[in-house]
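Below is one structure; the comments refer to it alone.
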Amino acid sequence: MKARLNLLPLLTLALAACNAQPMEEARTPHDLSGQLDMHIHQVVPAFSSEEIHFAGASAIPYAAGGIEDADGIMPDAVTQVTIYIPAYDARRDARTLALKRTVRRRGIPGSRIAVIASPELKAGDYRIDYAYNRVVTPPCDRWSGTEVSNYANVMQPNIGCALATNTGQMVADPRDLLRGHGDVRPDPDLDALAIQQYRAGPSTSSSAAPASSYSPSNAAPSSGASSAGGGGSSSLPAPGSQ
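Take 680 as the starting number for the sequence shown in our numbering and just add one per residue.
Spelled out as structure tokens, the structure:
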């Protein structure tokens, strides 16, 4: 019993030494203004094309190539959509209307849609060109390259660049990062469109269909971010399907 009592002063001194060391709590706020100022957003124009083909006398379009998923382009970022149609096509009017509806369902207003006849396109072949804005930021350093040897609450050197990049990828209209958009109210039409597309979309539940119903012929293409010359193909929604 006496030996245990002799250890108490030593434990008291050890705990006092630990409390004397400065510790930074995980919730300690950091001033990011200086680092964010070093990474200014650059908004540059971008272009993507989508080749469309109509089989036979059908007015239902499907993608023949080009960007993998046009739905990934933010509608507010699109400055102009040009639908190129063939000079001669027996069902040109109906097919052009189907493509206009497809673009409108993606949230792009009709005022930004232009139709141009191209002598280079054959009957049944169409093309949709998207002109939009995208954000470009300087390349961010890898946080693992820092000399910090622990995972304490220490500011990583790439935090400002990472925040700027993530913000630029999330905004609906990249031009707002340069000029601002003011105090505006949400667009109820876009909200209703998003809900409508969600309800009309296929079920993502694994129990929605038996496993035996799957085959490579009916497998849906994988989705990805929009980029010029993506090389993938995607099905376009049929008119009136949403």
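No residue lacks a Cβ here, since even glycine has one placed at the ideal position from N, Cα and C.
Using the three-state DSSP reduction, which class does residue i fall into: helix, strand or coil?
i: Y767; result: coil
i: V757; result: strand
i: K779; result: helix
i: A843; result: helix
i: D922; result: This structure cannot settle anything about residue 922, because the visible part of the chain is limited to 680 through 921.
i: R784; result: helix
i: R864; result: coil
i: A898; result: Model confidence at A898 stands at a pLDDT of 41, short of 50, so the residue's coordinates are unreliable and nothing is read from them.
i: G735; result: coil
Bridge partners for residue i per DSSP, in chain order?
i: R813; result: V723
i: Q876; result: Q876 is not bridged to any residue.
i: R806; result: E730, Y763
i: A796; result: I764
Answer with buried or exposed for residue i, where buried requires no fewer than 16 other C-beta atoms within 10 angstroms of its C-beta.
i: I874; result: exposed
i: F733; result: buried
i: S727; result: buried
i: V722; result: buried
i: G789; result: exposed
i: P853; result: buried
i: P818; result: exposed
i: Y811; result: buried
i: A899; result: With a pLDDT of 43 at A899, under the threshold of 50, the predicted position of this residue should be treated as unreliable, and no value is reported.
Our contact map puts residue i next to residue j with C-beta atoms below 8 Å; I'd like the distance itself, whole angstroms only.
i: A740; j: A766; result: With the sequence shown as reference, residue 740 is identified as Pro, and Ala is not the correct amino acid for it. Their Cβ separation, rounded to whole angstroms, is 18 Å, which puts P740 and A766 out of contact at 8 Å.
i: L856; j: V814; result: 7 Å
i: A871; j: A756; result: Not a contact, Cβ separation roughly 20 Å.
i: V760; j: Y805; result: Not really, about 13 Å apart at Cβ, beyond 8 Å.
Using a beta-carbon distance below 8 Å, is residue i in contact with chain B?
i: R784; result: Judged by its chain identifiers, the structure shown contains no chain B, having just a single protein chain.
**Prompt:** Quick one: any contact between the stretch 787-801 and the stretch 841-855, if contact means 3 or more CB pairs under 8 Å?
**Reply:** no
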